[in-house]
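Below is one structure, written out as structure tokens, with a few remarks after it.
In the numbering used here, the protein residues as written are -5 to 326.
Dropping the structure here:
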């Protein structure tokens, strides 16, 4: 039982190593995309800030000639101040993300490639039930829980065996020699004894201690089994969430792409209408904000889709260099 426990412990160490590798891959990818998302968000906000500053300057000129109201100028200045605060906040966020990336990788986050505008979902995505079965068979966390359960089962056997009867070979050899010198001459005496036999050891009562330890070990096995069942349910939920997000990604990406195009077209039309007085300043600035938010939402969904690919492989115990190369192919 002790030998089997040592073998199982070695298997746990190997599984822990595999899990540590997958955790490192996920952390590195997350740090990478955090920097990419922060950089792209800052770029969009800075572009929005520049556009709003130009709009505010134009409205100020129009107000000086009586073509715009004081309220329009105040509204524009308020939006410019708001977007400036967002830019400063995003700059701080970018610095924080770069520090986290540098601490993890030991490298400066320079010239990181963003997600390209290409198909992000795998060509052949198996159904959710297939991924769930893979996860239950290959997940390192479930494998470790199964190994821990097996170790505890061997512990129960070891406790029970420690109180069993044992049979031992026993052997003994003695030799006594006596010699001396006296009045009537010298004398000596030698005696040898040899014994070989079988010894039966029958343990006496331990007051129920061994039985209690055995029951405790068996209850621990039962607890680990229930914990594993709960972990399987949680893992299945994670697999289905990642699979559902990945399977619906094409439709969501298409919808957000169309929303981005519509927002840009609306912004162009609103600018032209604002010059003729058909649209208010508030409507123009709102169109600027909506266009920027649509672009950011598309960027975030692309990054989320790439991470979902890694996350689905991770919970299924398949995350490795192959999956990293697939995601690297999405970077442009």
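We treat Cβ as the ideally placed atom computed from N, Cα and C, and that holds for glycine. None of these values were measured; they are calculated from a predicted model.
- In summary, residue 164 is exposed, with fewer than 16 beta-carbon neighbours lying within 10 Å of its beta-carbon over all protein chains present.
- Taking the C-beta atoms as reference points, residue 48 is found no nearer than 8 Å to residue 77.
- When DSSP states are grouped into helix, strand and coil, residue 302 belongs to the helix group.
- Within the DSSP bridge table, the entry for residue 166 names 189 as partners.
- For residue 310, there is no enclosing alpha helix (DSSP H), as DSSP marks it with neither H nor E.
- Under the DSSP assignment, residue 33 falls in the alpha helix (DSSP H) whose first and last residues are -4 to 58.
- For residue 38, the CB contacts under 6 Å within the same chain, skipping 5 residues up- and downstream, are 286, 289, 290 in chain order.
- Contact between residue 121 and residue 275 does not hold, since the beta-carbon distance rounds to 52 Å and is not under 8 Å.
- If you compare the alpha carbons of 244, 46, 102 with that of residue 75, the shortest gap goes to 46.
- Closest in C-alpha terms to residue 87, from the list 13, 236, 30, 106, comes 30.
- Residue 23 is a Cβ neighbour of residue 301, given a cutoff of 8 Å.
- For residue 160, the three-state secondary structure derived from DSSP is strand.
- Residue 166 sits close to residue 189, with the two beta carbons spaced by under 8 Å.
- Distance between residue 262 and residue 56, taken at the CA atoms: about 19 Å.
- Between residue -3 and residue 314, the alpha-carbon positions lie close to 32 Å from each other.
- The Cβ-Cβ distance between residue 229 and residue 133 falls below 8 Å.
- Annotation for residue 138: the continuous alpha helix (DSSP H) segment containing it runs 134 to 155.
- Residue 320 carries a helical assignment under DSSP once its states are collapsed to helix, strand and coil.
- Per the DSSP secondary-structure output, residue 172 pairs in a beta bridge with 183.
- Of the other Cβ atoms in all chains shown, 16 or more fall within 10 Å of the Cβ of residue 139; this residue is therefore buried.
- Its Cα nearest to that of residue 141, the residue 219 stands out among 292, 219, 60, 58.
- Counting along the chain, residue 217 sits inside the alpha helix (DSSP H) bounded by residues 203 to 241.
- Taking 8 Å as the cut-off, the Cβ atoms of residue 294 and residue 317 do not count as close.
- For residue 126, same chain residues with a beta-carbon under 6 Å away, outside a window of 5 residues either side, are 230, 233 in chain order.
- Judged by beta-carbon spacing, residue 215 lies beyond the 8 Å limit of residue 105, meaning their Cβ atoms are not closer than that value.
- Annotation for residue 98: the continuous alpha helix (DSSP H) segment containing it runs 64 to 99.
- Contact annotation: residue 241 and residue 119 have beta-carbon atoms nearer than 8 Å.
- Contact between residue 162 and residue 123 is absent: CB atoms are separated by about 56 Å, not below the 8 Å threshold.
- Using a Cβ distance threshold of 8 Å, residue 157 and residue 172 do not count as a contacting pair.
- In the DSSP assignment, the residues bridged to residue 194 are 161.
- With a cutoff of 8 Å on beta-carbon distance, residue 181 and residue 174 are scored as near each other.
- Spatial neighbours of residue 6 in its own chain (CB-CB distance under 6 Å, excluding positions within 5 residues in sequence) are listed in chain order as 138, 141.
- Residue burial is scored here from C-beta neighbours: residue 131 has fewer than 16 other C-beta atoms within 10 angstroms and is therefore classed as exposed.
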